[in-house]
Amino acid sequence: MTAGRLFSTTVATPAEGTQPVRQPRALPRLFGSLLLVAAAGIAGIGAGPAPVQPAAAPRQLGQIVPAPASVHPGGAPYTLTPLTRIRADHHSPQVRRIGAYLARLLRPSTGYRLPVTHDRGPGGIRLRLSSHERALGDEGYRLESSPGSLTLTARKPAGLFHAVQTLRQLLPAAVEKDTRQPGPWQIAGGTVTDTPRYAYRGAMLDVSRHFFTVDQVKRYIDQLPLYKINRLHLHLSDDQGWRIAVDSWPRLATYGGSTQVGGGRGGYYTKAQYKEILRHAASRYLEVVPEIDMPGHTNAALASYAELNCSGVAPPLYTGTDVGFSSLCVPKPVTYDFLDDVVRELAALTPGRYLHIGGDEAHSTSHADYVAFMDKVQPIVAKYGKTVVGWHQLTGATPAKGALAQYWGLDDTSNAEKAQVARAARNGTGLILSPADRIYLDMKYNKDTPLGLDWAGFVEVRRSYDWDPGTYLPGAPASAVAGVEAPLWSETISTSDHIEFMAFPRVVGVAELGWSPASTHGWEAYRVRLAAQGPRMAALGIDFYRSPQVPWPSG
Ligand code: NGO
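Numbering (numbering that gives the first Met the number 0) for the sequence shown: 0 to 554.
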């Protein structure tokens, strides 16, 4: 239990010098327990009851999720007023867009005009980019709050964007509402300096088993960045549906995308629609990782083109939920012409660096064929300038240089399988950790959860949070871990409400595993901070699962 780092007792801000931390006037019950935990952390005596001392940090600064690397509370708060300006004091259009995004977030609930200006005057909310801030890296930021101004500083725009998310969380939850609220709108005095633990902090959405519209995907894209998630992996093809238009093989989408689990209408993204998703994701600093699953999970493609089948006969479309029965025809040359076209078109659409080639559950492909297939496909991905990502079965073949393997095993996956992944990691394959019995968002929370699957067991909120990516896979060097990703498979998921109920709040914990220093990790402190996110998620209209493990505020 090391929550003490969140509540550093050093109380210095450049603007105001050193001041005593002021005790908040009224502490809600939840905050009281958070302070006990924090005080225990400061004293280094574990999570038992402890006196609240030396002084309480202002409440908001202790509630940020993911926990920041360092928080120094201090001084009087910054207050938003009807005259507040947002000063994007940099020529970068990205900074101006972040300023406009912040204004759009704050205007409806505050009712203030919040003009976004380019001047460098004093006061207001200042968005600064500074190339000198090396320590802030690609995504880090500093937030300094004092009565005179609120200054966000970063080396890169992504850092400023994350700073804006912290700023949101420092305002009352009602700021997230889309109608005017009473305020006051104060941000506790102090400094937050923050950088992520991992560069890869992902969420995956399976748009194949059930199709999700552009608007549904955009809604999820709007929700994830609040917790500093920075990758959206889209599972674009599977047995039940091919969801992205490919000009050179048009039936993939028009026929292969025409249904879904249960036999509904399905759908697919035209290239223009897919670009709209990409644009929206980019505006939220989310890199999209597209996946075309192969050589298994390919019934939709095999049904669309007879020549892709070893038999030359196309199977019917599939609307069930079995896995492992389909395979591209490894010996046929047309398979690689097909994949060259698909990868070329998808890579051309993709601004991000990764292209996910699946590789899981190829139960209808022999091992020798699987290895031969991966040897042929990975160079195609490289040829079109992308880095391979594959499910961890890829480590049973020869992962390309620089590839990432996505581990989706369980705590009790065989040692041999874990060892194979760890060996690849020692040989330079990076790891994305998605242990299914920890962070598969489609696993039921408990036996009564109306949605989801349970093949990996029930995954309550604590279970999804209470593990360490750095030490999870025995024998894998901590430096091989690129990050974490929470997949949401959609066999039973077909609406935005479903997405939100299964993802929230578990994806918040995954975000914290990906962002926060290991030293801040601790369930007892986290559950209290997570509880404080309840009203914020509710204000955003997110229908999250009210886990009994979390002391949500009543009302
Ligand atoms: C597995 C399987 C998917 C299922 C999912 C359901 C992987 C990588 N392959 O995860 O096809 O949809 O479980 O939880």
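Beta carbons: idealized from backbone N, C-alpha and C, even for Gly.
Since this is a predicted model, take the numbers as computed values, not measurements.
{"Item": "Once you ignore the five residues that flank L277 on each side, which residues in its own chain have a CB closer than 8 Å to its CB?", "Value": "V287, L348, T349, P350"}
{"Item": "Can you tell me whether P114 is buried or exposed? The criterion is at least 16 other CB atoms within 10 Å of its CB, across all chains shown.", "Value": "exposed"}
{"Item": "In angstroms, rounded to a whole number, what distance separates the CA positions of M203 and Y353?", "Value": "14 Å"}
{"Item": "Short of 8 Å in beta carbon distance, which residues of its chain neighbour N308, apart from the five on each side in sequence? Order them along the chain.", "Value": "L301, P314, C328"}
{"Item": "Is Y317 near the ligand NGO, with its Cβ less than 8 Å from a heavy atom?", "Value": "no"}
{"Item": "For L539, collect the residues of the same chain with a Cβ closer than 6 Å to its Cβ; drop the 5 residues on either side in sequence, then sort them by chain order.", "Value": "E175"}
{"Item": "Hey, out of A66, P146, L60, L159, whose CA is closest to G521's CA?", "Value": "A66"}
{"Item": "Pick out whichever of P224, G508, R58, S326 has its Cα sitting closest to the Cα of G311.", "Value": "S326"}
{"Item": "Please go through the region 457–489 and give each complete alpha helix (DSSP H) segment of 4 or more residues, from N-terminal end onward.", "Value": "460–464"}
{"Item": "Taking the continuous alpha helix (DSSP H) assigned at L79, which residues delimit it?", "Value": "From DSSP, L79 is part of no alpha helix (DSSP H); its letter is neither H nor E."}
{"Item": "If you run the structure through DSSP and keep just helix, strand and coil, what is V549?", "Value": "coil"}
{"Item": "Return the chain-ordered ranges of every beta strand (DSSP E) run that is complete within the region 361–391 and spans a minimum of 3 residues.", "Value": "386–390"}
{"Item": "If contacts are defined as beta-carbon pairs under 8 Å, then L251 and S207 qualify, I think. What distance do you get, rounded to the angstrom?", "Value": "Actually they do not touch by this definition, with Cβ atoms about 12 Å apart."}
{"Item": "Would you check if the distance between the CB atom of D411 and the CB atom of R437 is smaller than 9 Å?", "Value": "no"}
{"Item": "Enumerate in chain order the residues of its own chain whose CB-to-CB distance from H355 is below 6 Å, with the five nearest sequence positions on each side excluded.", "Value": "V288, E290, V388"}
{"Item": "With respect to the beta strand (DSSP E) encompassing E143, which residues constitute its N-terminal and C-terminal limits?", "Value": "140–145"}
{"Item": "Please determine, among R264, T78, K155, the residue with the shortest C-alpha to C-alpha distance to G147.", "Value": "T78"}
{"Item": "Could you tell me the distance, in whole angstroms, from the CA atom of R264 to the CA atom of G255?", "Value": "11 Å"}
{"Item": "Can you name, in chain order, every residue of its own chain whose Cβ lies under 8 Å from the Cβ of S130, other than the five neighbours on each side?", "Value": "R154"}
{"Item": "Can you tell me the Cβ-Cβ gap for E490 and V260, rounded? I've got them flagged as a contact below 8 Å.", "Value": "6 Å"}
{"Item": "Starting from the C-beta of P294, find all residues in its chain whose C-beta is less than 6 Å away, skip the five residues before and the five after it, and write them out in chain order.", "Value": "S326, L327, A361, T364, F372"}
{"Item": "So is N426 buried or exposed if we call it buried at 16+ other beta carbons inside 10 Å?", "Value": "exposed"}
{"Item": "Tell me the DSSP secondary structure of A198 in three-state form.", "Value": "coil"}
{"Item": "What is the rounded straight-line gap between the Cα of R125 and the Cα of K217?", "Value": "28 Å"}
{"Item": "I believe T165 touches L142 by the beta-carbon criterion, under 8 Å. Please report the beta-carbon distance rounded to the nearest angstrom.", "Value": "6 Å"}
{"Item": "Taking the alpha-carbon of T152 as reference, which of D177, D339, R86, L170 has the nearest alpha-carbon?", "Value": "R86"}
{"Item": "Could you tell me the boundaries of the beta strand (DSSP E) in which V405 lies?", "Value": "The sequence as given places Gln at residue 405; Val does not occur at that position. From DSSP, the beta strand (DSSP E) with Q405 extends over 403–406."}
{"Item": "Answer with buried or exposed for P76, where buried requires no fewer than 16 other C-beta atoms within 10 angstroms of its C-beta.", "Value": "buried"}
{"Item": "Since I believe V480 is in contact with V509 (beta carbons under 8 Å), could you give me their beta-carbon distance rounded to a whole number of angstroms?", "Value": "Their Cβ separation, rounded to whole angstroms, is 14 Å, which puts V509 and V480 out of contact at 8 Å."}
{"Item": "Determine the extent of the beta strand (DSSP E) in which E290 is found, giving its start and end residues.", "Value": "286–293"}
{"Item": "At the level of alpha carbons, what is the spacing between G323 and T448?", "Value": "26 Å"}
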